[in-house]
Each structure stands twice: as structure tokens, then as C-alpha cells.
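*Asks:*
Numbering (my numbering), first residue to last: 185 to 476.
Structure (C-alpha cells):
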């Protein structure tokens, strides 16, 4: 599954096998972003950063989530669009980690190591997910065009419901299908190898990863402003609290990914709420002109 396509040929990214390699890759991207000489989004596939969360046994860097957060934070300072693409890509890989079979993970991780970008598409608010219906030896995915936004990623993972509303997801080649302007009644045939049966905790762990990386991006955006002259000193406190929450969440996610312990859903909910609250408080404008 997830085979190579001729129009996606690109230079093979440098393999990042240590945390120091990831930080060096970020340093190489930094000057290009600040000088606006290169498109940061187009630089991501060749940077090697796309594979930094993949286990070493699958050809990835297998680094701590604290370094993953650092990468998102730095990119958010240099290029918000690149940071958002990396964030969504990493959340998509988390869904693959929790729900893909060994063969599916091997194939998907192999594409990522070669520079392919994945995206976990978010359905539009209030719109139910499309349905996956058995159609011969394959599946038919309906209402794709009306439910999801177009993505610049190479591959999109779309949550769907199967027989009896069983949560599933479909992996779609973005070059093969256009989401925008599709007939709402249209269907798309999906091979069984491109179908994920979502694990019991897949959605809550993807939600935790989203809250964690969104907080990391916010930390990057506000860190420089906090240290400027005239900034409200309380902003520095909010930034420290956000950073502490990011570090705590990174440790929790590391433990889940390595040890696969029983999931405490209440704990996940608390972490998501704490991350979101700390991010929102930190993102508030603390400048004196805006204080009453």
C-alpha cells in the first residue's frame, strides 16, 4: 500500500538518527526562513524532520517528544504555515501508530522517510464523517468532497464510519482525488490496504498530540514577544507555565508510545484542558497598552 508515484519524486532526505541531528536540521532551516530566501514549507520534505517521530526500527529518529515540540516551536517562529503542516503531519502519524497494522505502518513510515507529507483531515463542524461501505473486494467512501478541506499534503487520512458506525479512516493520495467541488453524492473506491480500523484510544491520543503540538507552536510564537522591552512581566510567568506543561505532556506521551500502558482517559482530558488553557493564557496580549 501507499506506493510511490512518479510525480512525487524528490531528493531522499537526510536520515536523522539522533536528537542532535534534529536540532542541526532545524538550524539549517532557520537562516532560510529568516532571510526569506527559501519556501519553508517546500523545504520540509527534504529536511528529514518529517520522520523524526518514527520509531528507529522503522527508519525514523525515535526521539523524545520534547525535541518534537522544540521543532514545532522553532518553525512557528520562522514560518507559521510550515509549523502547521508539520503539526498536522505528526498528528496523522500518531493515528497511524495507534491504528495501523505492522504492514501499514511499515509502508506509511517508509513513505515518510522518503519525504512524503501526511495530513489528518478535520471534518467541517457539524458535518458527520463520510461512510465506508463494502463494495466488492474494496470499500466505497462517500461524500468526500463536501466534508473535508483540500490539503497540500501528499496523503490525507480521513476519519470515516464503517458498518455499525465503527470508527475507521481512509488513506487517500491527494494527487489522485480533488476534495473541492466534488458532487456530495459521489463515492471514491478505497482498497482495503488503505483502510485503518481505529484503535480504542486512537482519537483521544490524537487529541492529546494535537493539544501538545498546538501548545508548542504557541510557545514559539510568543517567546520572542515576551522578552521585549515594555512587555507585561506576567507574560513571562505564563510562558514558563506553558513550557512546564509542554514538558510534562512530552513525558506522558513518551511513556505511552514506549510502554503502551493502559490509557487513563480522565488523565488525557486533564492534560488537554491544561495545555489548551495554558496556551490561551500565554497567547493573550500582555502589553501595557492593552491592560486596563
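Every residue, glycine too, gets a C-beta built ideally from N, C-alpha and C.
Just to confirm my understanding: we take residue 402, look at its own chain, exclude 5 residues before and 5 after, and list those with CB closer than 8 Å. What are they?
*Replies:* 260, 426, 463, 466, 467
*Asks:* Does the stretch 261-271 come within contact of the stretch 313-324, defined as at least 3 CB pairs closer than 8 Å?
*Replies:* Touching, no.
*Asks:* Give the DSSP-derived three-state secondary structure of residue 398 in the structure shown.
*Replies:* helix
*Asks:* Report the residue ranges of all alpha helix (DSSP H) runs contained in full by the stretch 255-324; include only those spanning at least 4 residues, in chain order.
*Replies:* 264-283, 286-297
*Asks:* Could you tell me the distance, in whole angstroms, from the CA atom of residue 349 to the CA atom of residue 386?
*Replies:* 15 Å
*Asks:* Can you tell which of 417, 302, 230 has the C-alpha that lies nearest to the C-alpha of residue 276?
*Replies:* 302
*Asks:* Would you report the Cα separation of residue 294 and residue 241, rounded to the nearest angstrom?
*Replies:* 11 Å
*Asks:* Based on the DSSP output, what are the partners of residue 381 in its beta bridges?
*Replies:* 352
*Asks:* Applying the criterion that 16 or more other CB atoms from any shown protein chain within 10 Å of the CB defines a buried residue, is residue 279 buried or exposed?
*Replies:* Residue 279 is buried by the Cβ-count criterion.
*Asks:* So what's residue 342 in DSSP terms, helix, strand or just coil?
*Replies:* In the structure shown, residue 342 falls within a strand segment according to DSSP collapsed to helix, strand and coil.
*Asks:* Between residue 459 and residue 399, which are expected to be in contact by the criterion C-beta below 8 Å, what is the C-beta distance as a whole number of angstroms?
*Replies:* 5 Å
*Asks:* The alpha helix (DSSP H) with residue 244 in it runs from where to where?
*Replies:* Segment: none, residue 244 is in no alpha helix (DSSP H) and carries neither H nor E.
*Asks:* Within this structure, are the beta carbons of residue 346 and residue 316 separated by less than 7 Å?
*Replies:* yes
*Asks:* According to DSSP, is residue 457 helix, strand or coil?
*Replies:* helix
*Asks:* So who's on the other strand from residue 252, going by DSSP bridges?
*Replies:* In the DSSP output, where bridge partners are listed per residue, residue 252 has none listed.
*Asks:* Can you name the start and end residues of the alpha helix (DSSP H) that residue 437 belongs to?
*Replies:* 417-443
*Asks:* Considering only the alpha carbon of each residue, which of 212, 249, 232 lies closest to residue 439?
*Replies:* 249
*Asks:* So, with DSSP's three-state summary, where would you put residue 448?
*Replies:* In this structure, residue 448 counts as coil in the three-state DSSP scheme.
*Asks:* In angstroms with no decimal places, state the Cα-to-Cα distance between residue 405 and residue 201.
*Replies:* 27 Å
*Asks:* Quick test of the definition: if touching needs 3 or more C-beta pairs under 8 Å, does the stretch 351-360 touch the stretch 378-392?
*Replies:* Because the criterion of three Cβ pairs below 8 Å is met, the stretch 351-360 and the stretch 378-392 touch.
*Asks:* Output yes or no for whether 7 Å exceeds the beta carbon distance between residue 231 and residue 252.
*Replies:* no
*Asks:* In whole angstroms, what is the alpha-carbon distance linking residue 291 and residue 256?
*Replies:* Cα to Cα, the separation comes out at about 25 Å.
*Asks:* If residue 336 and residue 297 are in contact, beta carbons under 8 Å, what's the gap, nearest whole angstrom?
*Replies:* Not quite, the Cβ-Cβ distance comes to about 20 Å (not below 8 Å), so this is no contact.
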